[in-house]
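Peer 1:
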Amino acid sequence: MRNVCIITARGGSKRIPRKNIRVFAGQPIIAYPIQAALASELFKTVMVSTDDSEIAEVAISLGAQVPFLRSPHNSDDHATTAQVLWEVLSKLQELGQKFDHACCCYPTSPFITTEKLQRACQELIESGADCVFPVCEYSTPVQRALTLDGRHLKFLWPEYQNARSQDLPPAYFDTGQFYFFRTDRFEASGALLTDNTVGIPVPREECQDIDNDSDWKLAEMKYQLWMANCESHT
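Using this note's numbering, read the sequence shown as starting at 77 and increasing by one per residue.
1) Tell me the residue span of the alpha helix (DSSP H) that contains Pro277.
2) Rounded to whole angstroms, what is the Cα-Cα separation between Arg70 and His228?
3) Do you know whose CA, among Glu307, Met297, His309, Ser308, lies nearest Pro186's CA?
4) At which residues does the beta strand (DSSP E) containing Ala107 begin and terminate?
5) Secondary structure at Cys283, three-state DSSP: helix, strand or coil?
6) Where does Gln103 fall in DSSP's three states?
7) Rounded to whole angstroms, what's the CA-CA distance from Glu307 to Ala295? Just pull it up for me.
8) Give the straight-line distance between the Cα atoms of Asp152 and Gly88, rounded to the nearest whole angstrom.
9) Do Phe119 and Asn79 have their CB atoms nearer than 7 Å?
10) Can you find the residues in the same chain that come closer than 6 Å, C-beta to C-beta, to Val124, ignoring five residues on each side of it along the sequence?
11) What distance in whole Å lies between the Cβ atoms of Pro277 and Ala202, which are believed to be in contact at a cut-off of 8 Å?
12) Here's the rule I'm using: 16 or more other beta-carbon atoms within 10 Å means buried, otherwise exposed. How should His309 be labelled?
13) For the beta strand (DSSP E) that Asn305 lies in, which residues bound it at each end?
14) When you compare only the Cα positions, how much space is there between Glu281 and Ala132?
15) DSSP state of Lys230, grouped into three classes?
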């Protein structure tokens, strides 16, 4: 079984400049997925897909490989994760490297751990899924979401306005940390979320979108609390 870890880290972040190598809790944020992937011992190759020479240098210094730079076409704001992965897997095949499974890790994911990666790999193999990735339950029922019509509030789904929270099924969101998938099925479908995708629930304290400076500060606080909690249980 040959696995590759692909960490996607383009250089053109606008909302948080140099986001992928900014220092987070003492080290470049991209260090966390690289270190977790290397420590997991799951991967033949741990590589970073980037268009940026500085990111490449940091990644290599942390033990990852950068066998080639990403094309300009897949380095702008409109390139999807699937397009980037397609390009990487195609180039690896051109280099004679074929993999059974791949794990796409996002570079700003300090909550990725070796244990999560190992659990996802095991689940992928045992369940026969196309893809496995971590999800988190919304803290409130999404069925009772509100929208603003001008200044006036309306239920997005009026049919649920009188429903009790405890009677509504839980809903989950993609934590945006990683996707562990079978390469042949991804190449056939071009999708990470299929009818045969499995989710691994994770606690709210182990996930955080980082889209602006406020998110960054919140993520650091959550990370420090999480680490302190982990240390108290060792």
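We put the CB at the ideal spot given by N, CA and C, even for glycine.
These numbers were taken from a predicted model, which means no experiment stands behind them.
Peer 2: Taking the structure as given:
1) Locating residue 277 in the sequence shown gives position 201, where the first residue counts as 1. Note, Pro277: premise wrong, no alpha helix (DSSP H); beta strand (DSSP E) at 273-277.
2) Because the chain spans 77 through 310 in this model, residue 70 falls outside it and cannot be assessed.
3) Numbered from 1 along the sequence shown, position 110 holds the residue referred to as residue 186. Residue Met297 is the option with its Cα nearest to Pro186.
4) Counting from 1 along the sequence shown, the entry for residue 107 is found at position 31. Here Ala107 belongs to no beta strand (DSSP E); instead the alpha helix (DSSP H) covers 107-116.
5) Within the sequence shown, numbered from 1, the residue matching residue 283 stands at position 207. The answer is coil: DSSP assigns Cys283 none of H, G, I, E or B.
6) Sequence index remark: in the sequence shown, residue 103 carries index 27 (1-based). Three-state result, Gln103: strand.
7) Taking the sequence shown and counting its residues from 1, the one referred to as residue 307 is at position 231. Taking the sequence shown and counting its residues from 1, the one referred to as residue 295 is at position 219. Approximately 18 Å between the Cα atoms of the pair.
8) Position 76 of the sequence shown, counted from the start, is the residue given in the question as residue 152. Position 12 of the sequence shown, counted from the start, is the residue given in the question as residue 88. Answer to the nearest angstrom: the Cα atoms are 7 Å apart.
9) As a first step, residue 119 is located in the sequence shown; it is residue number 43 there, counting from the start. As a first step, residue 79 is located in the sequence shown; it is residue number 3 there, counting from the start. Taking 7 Å as the Cβ cut-off, Phe119 and Asn79 qualify as a contacting pair.
10) Here residue 124 is taken as the residue at index 48 of the sequence shown, counted from 1. Cβ neighbours of Val124 beyond the five flanking positions: Ile83, Ala85, Ala135, Ala140, Val142.
11) Your numbering for residue 202 matches position 126 in the sequence shown. Your numbering for residue 277 matches position 201 in the sequence shown. Checking the sequence, you will find Glu at residue 202 rather than Ala. Not really, about 17 Å apart at Cβ, beyond 8 Å.
12) On the sequence shown, residue 309 is found 233 positions in, with the first residue counted as 1. Under this definition His309 is an exposed residue.
13) By one-based count along the sequence shown, residue 305 stands at place 229. Run containing Asn305: none in the beta strand (DSSP E); it sits in the alpha helix (DSSP H), 289-308.
14) As a position in the sequence shown, residue 281 is number 205, starting the count at 1. As a position in the sequence shown, residue 132 is number 56, starting the count at 1. Looking at the two C-alpha atoms, the distance is approximately 30 Å.
15) Stepping through the sequence shown from its first residue, residue 230 is reached at position 154. If DSSP states are grouped into helix, strand and coil, Lys230 belongs with the strands.
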